[in-house]
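*Asks:* Can you keep this structure in mind? I'll have questions shortly.
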Amino acid sequence: MTLSPFLLQAAGSLAAILALAGLAHWLKLGAAPVMTDEDSVRRAAGEAEAGFIAIDAARDAKGRAGLARDAHARIMVIKHHGNRYAGRVLGPKAQARLQGDPGETALEVDCGEARFGKVFLIIPDAQAWAAAINALNVAHDA
Amino acid sequence: MPDFNPTQYAVPLFVVAVLAEMIWAKYRSPEAYEPKDTLVSLSFGLGSTLAGALLGGFALAVMVLAYDYRVADFGAQWWAVWWAWPLCFVIDDLAYYWSHRFAHRMRWMWAAHVNHHSSQHYNLSTALRQSWTGNLTIGIVFSLPLALLGFHPAMIAICGGFNLIYQFWIHTEAIKRMPAWFEAVMNTPSHHRVHHATNPRYLDRNYAGVFIIWDRMFGTFEAEVDDEPIRYGIVKQLGSFNLLWAVFHEWVAMIEDIWRSPWRHKLSYLLREPGWSHDGSRETSEMIRAKWQARAGSEVAPAATSVATRNRIAARGEAA
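Protein chains in written order, with the numbering used here: chain V, 1 to 142; chain R, 1 to 320.
Listed below in C-alpha cells is the structure:
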C-alpha cells in the first residue's frame, strides 16, 4: 500500500504538531497566572472589556478567578484561560449557586454560555455576590 | 505550467522556527507560549490545509474562468516573463490588503478570519492559525482582478504562497523593531503586533500582508506604542480551547443573529462590521475606540511613535 504525498504530509504535520505541543508542555511554558489581590482582579476586568472600571471586586482564594462590579452595577466574571484571563459581563442568563452549607464561601457562576464554562470561586461575601448575580435574571424578567 | 506550492516546502522551516522560538521563550518569555493554545493554533494550520484541499477547487475554477477573460496576455510561456512575477506579487499584496480589510469589516468574512485572531498569544504558532472556512466567503473576489489583468492563476497562487510565507516570521514578540527603512516599507513584527491587539487604540489597524505602505496609503496605519502593553486576541475572548468551537463560534453567532433579527436587518448581520447590532446593544471597533478616546481625552490622540529602537530583542517580561 502506498500513501499519497498529501496524506504523508498531513501525517507528518500531525506528528510535528503533537511534538511541538508536547515540547511546550515539557519546557513548562505558560505558567498559570494568579491574581494576587483585588486590584489585579480590577485590572483583569479592565483588560477583558476596555473601559470596565471596577468599583468592587472579589478575588478567588487561589487567585485563578474573580468577580468585578462597575458603577453601572454590571458584574463581570473572570477566569484564567491558559495563562491569560477571559471575562464575561453577566447578563440575564447568568446564574450563581452557593455550594455547601449556608455560610460557605464557595460560589459557582454560570454565565449562560456553555463554551465559556462555569467558574468556581471561593470568595468572601459569596452570598451577596450570588444574590446580585441572580438578581440580574429577576431584573430582566420584571 | 509549473506545479509548485511554496508553502509545502516551507512547512519544515515553520516547524524549526517554532521550535527555536519556544527555546527563546523558555529563557526569555515563558508566558509567550501556552501548550494548549499552541496545540489549537497548530491544529488550525493542519485543518486549514485539509480544508483547502477539499474546498479550494471552487476558487481555482473561478480564477481559471476569470483568466479566460483576461485583458492582457503574457503568452503561452507566461512563467518565463520574469518581470511579471514581481508585478504580480505587488498587485497580489494590494489585493491581500483589501481582502484582509474586508475580512475585518464584513462579518461574513470575519466569521472565517476570526480564527487567526482568537489566540491570546502572539508567537510563531499563531501564524499557522489559519482559517478552515475562508473558501466559504467572498475572499476570492479580491484576487479576480489579477486573473482578469492576465496573470495566470498558478502565478497568483505562487505569489500568494510567498506572501503567506513572508507573514509567518512577523508573528513574534522576540523581535522588537527592524531597521527604520524596513519598518517604513515592509510589514514587521511591530506592525503586525498592532494588528493582533485588542487595545482600543489598535483595533482594525495594519491590514498589510507584506508591504505596510498600503496601510499608510489608505489611512489604516497605527504605530506600536512602546509604553502600552499589548493585549492579544479578540474583543470577546473565547475562553475555550475547544478546537471546533474556535473554528465555528463566529459562524454560529452570526447565523443565530440572522435567525433572530427582524427581516430588514438580517442582511446587515451578514454584511456589516463585527459588533454591529440593530438595537445598538453591542459595540463596533469604532465605538470602542471612540469611548476610549473620550475617556482619555487628548492624551490618546493617534500616536506617531517613531521607530526609535531597532533590532532590539524584547527583554523578559517586557510588553511587546
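For glycine and all other residues, C-beta sits at the position ideal for the given N, C-alpha and C. Just so it is clear, the structure is predicted and the values come from calculations on it, not from any experiment.
(1) Tell me the residue span of the alpha helix (DSSP H) that contains VAL15(R).
(2) Quick one: list the residues of chain V neighbouring ARG216(R), beta-carbon separation under 7 angstroms, in chain order.
(3) Using a Cβ-Cβ cutoff of less than 7 angstroms, which residues in the same chain neighbour MET35(V) once the five nearest sequence positions on both sides are dropped?
(4) Would you check if there are 3 or more beta carbon pairs closer than 8 angstroms linking the segment 110 to 123 of chain V to the segment 228 to 240 of chain R?
(5) Quick check: what's the CA-CA separation for LEU46(R) versus LEU136(V)?
(6) Is PRO153(R) near TYR67(R), with beta carbons less than 8 angstroms apart?
(7) Determine whether the Cβ of TRP292(R) lies closer than 8 angstroms to any Cβ atom of chain V.
(8) When DSSP labels each residue in this structure, what does ILE288(R) get in the three-state scheme?
(9) Would you call the segment 130 to 145 of chain R in contact with the segment 80 to 97 of chain R, where contact means no fewer than 3 C-beta pairs closer than 8 angstroms?
(10) Would you call the segment 78 to 96 of chain V and the segment 119 to 135 of chain V touching, i.e. three or more CB-CB distances under 8 angstroms?
(11) Step through the CB atoms of chain V and report whether any lies within less than 8 angstroms of the CB of ARG28(R).
(12) Can you list the residues of chain V that ARG231(R) reaches, using a CB-CB cut of under 8 angstroms?
(13) So with Cβ pairs under 8 angstroms, would you call GLN95(V) a contact of chain R?
(14) Any beta carbon of chain R sitting closer than 8 angstroms to that of GLY51(V)?
(15) Mind listing the chain V neighbours of LYS36(R)? Cutoff is C-beta to C-beta under 7 angstroms, in chain order.
(16) Just verifying my parser: in three-state terms, what is the DSSP assignment at ASP70(V)?
(17) Expressed to the nearest angstrom, what Euclidean distance is found between the alpha-carbon atoms of ALA73(V) and ARG289(R)?
(18) Note the first and the last residue of the continuous alpha helix (DSSP H) segment covering HIS113(R).
(19) Here's a check: name, in chain order, each residue in its chain whose Cβ is nearer than 7 angstroms to the Cβ of ALA315(R), leaving out the five neighbours to either side.
(20) Determine the direct distance from the alpha carbon of SER190(R) to that of TRP251(R), and round the result to whole angstroms.
(21) In the DSSP assignment, find the beta strand (DSSP E) that holds ALA54(V) and state where it starts and stops.
(22) Does ILE17(V) come within less than 8 angstroms of chain R when only Cβ atoms are used?
(23) From the DSSP output, in three-state form, read off PHE218(R) for me.
(24) For my contact list, LEU149(R) and ALA72(R) are in at a C-beta cut-off of 8 angstroms; report their separation, rounded to the angstrom.
(25) Apply the 10 Å Cβ neighbour rule to SER125(R) and answer buried if 16 or more other Cβ atoms are within range, or exposed otherwise.
(26) Between ALA86(V) and chain R, is any beta-carbon pair separated by less than 8 angstroms?
(27) Nearest CA to the CA of LEU29(V): which residue from ARG264(R), GLY297(R), HIS121(R) and MET155(R)?
(28) For a test of the three-state rule: what should DSSP assign to ARG260(R), helix, strand or coil?
(29) Give the list of continuous beta strand (DSSP E) stretches no shorter than 3 residues that lie fully inside the segment 84 to 134 of chain V.
(30) Are any of the Cβ atoms in chain V nearer than 8 angstroms to that of GLY239(R)?
(31) Give the range of the alpha helix (DSSP H) segment to which VAL41(V) is assigned.
(32) Go ahead and pull the three-state DSSP assignment for LYS36(R).
(33) Rounded to whole angstroms, what is the Cα-Cα separation between GLU286(R) and VAL194(R)?
(34) Using three-state DSSP, classify PHE89(R) as helix, strand or coil.
(35) If you measure from the beta carbon of THR49(R) to each beta carbon in chain V, is any gap under 8 angstroms?
(36) In this structure, does DSSP put ALA65(V) in helix, strand or coil?
*Replies:* With the given structure in hand:
(1) Run containing VAL15(R): 6 to 28, per the alpha helix (DSSP H) assignment.
(2) Near ARG216(R) there are no residues of chain V at all, since even the closest Cβ is about 26 angstroms away, more than 7 angstroms.
(3) Excluding sequence neighbours, MET35(V) sits near VAL41, ALA44, ARG59, GLY63 and GLY66.
(4) For the pair of segments examined, the segment 110 to 123 of chain V was found to touch the segment 228 to 240 of chain R: the number of CB pairs separated by less than 8 angstroms reaches three.
(5) Looking at the two C-alpha atoms, the distance is approximately 42 angstroms.
(6) Taking 8 angstroms as the cut-off, the beta carbon of PRO153(R) is found closer than this to the beta carbon of TYR67(R).
(7) Interface residue, yes.
(8) Reduced to three states, the DSSP call for ILE288(R) is helix.
(9) The segment 130 to 145 of chain R and the segment 80 to 97 of chain R touch, with no fewer than 3 CB-CB distances between them shorter than 8 angstroms.
(10) Cβ pair count under 8 angstroms is three or more, so yes.
(11) Interface residue (Cβ-Cβ distance to chain V less than 8 angstroms): ARG28(R) is not classified as such.
(12) Under the 8 angstroms cutoff, chain V gives GLU47.
(13) No - not a single Cβ of chain R is within 8 angstroms of the one on GLN95(V).
(14) Yes, GLY51(V) counts as interfacial toward chain R.
(15) Those are GLY82, listed as they occur along chain V.
(16) Note: ASP70(V) maps to strand in three-state DSSP.
(17) For ALA73(V) and ARG289(R), the gap between their C-alpha atoms comes out near 23 angstroms.
(18) 107 to 117 is the span of the alpha helix (DSSP H), which, as asked, contains HIS113(R).
(19) Here ALA315(R) scores only 33 on pLDDT, less than 50, and its place in the model should not be relied on; the value that follows carries that caveat. Excluding sequence neighbours, ALA315(R) sits near nothing in its chain.
(20) TRP251(R) and SER190(R) have their C-alpha atoms roughly 30 angstroms apart.
(21) Where ALA54(V) is concerned, the enclosing beta strand (DSSP E) stretches over 54 to 59.
(22) So yes, ILE17(V) belongs to the interface.
(23) In this structure, PHE218(R) counts as helix in the three-state DSSP scheme.
(24) Yes, they are in contact, since the Cβ atoms of LEU149(R) and ALA72(R) sit about 6 angstroms apart, within 8 angstroms.
(25) The Cβ neighbour count for SER125(R), taken over all protein chains shown within 10 Å, is at least 16; the residue is labelled buried.
(26) At a cut-off of 8 angstroms between C-beta atoms, ALA86(V) counts as an interface residue with respect to chain R.
(27) Cα-wise, what sits closest to LEU29(V) is HIS121(R).
(28) DSSP, read as helix, strand or coil, puts ARG260(R) in helix.
(29) Counting only runs of 3 or more, we get 84 to 89, 95 to 99, 106 to 110 and 118 to 122.
(30) At least one chain V Cβ lies under 8 angstroms of GLY239(R).
(31) Annotation for VAL41(V): the continuous alpha helix (DSSP H) segment containing it runs 38 to 48.
(32) In this structure, LYS36(R) counts as helix in the three-state DSSP scheme.
(33) Those two C-alpha atoms are separated by around 16 angstroms.
(34) Three-state DSSP puts PHE89(R) in a helix.
(35) For THR49(R), the answer is yes, since a Cβ of chain V falls inside 8 angstroms of its Cβ.
(36) DSSP places ALA65(V) within a strand segment (E or B) once states are collapsed to three.
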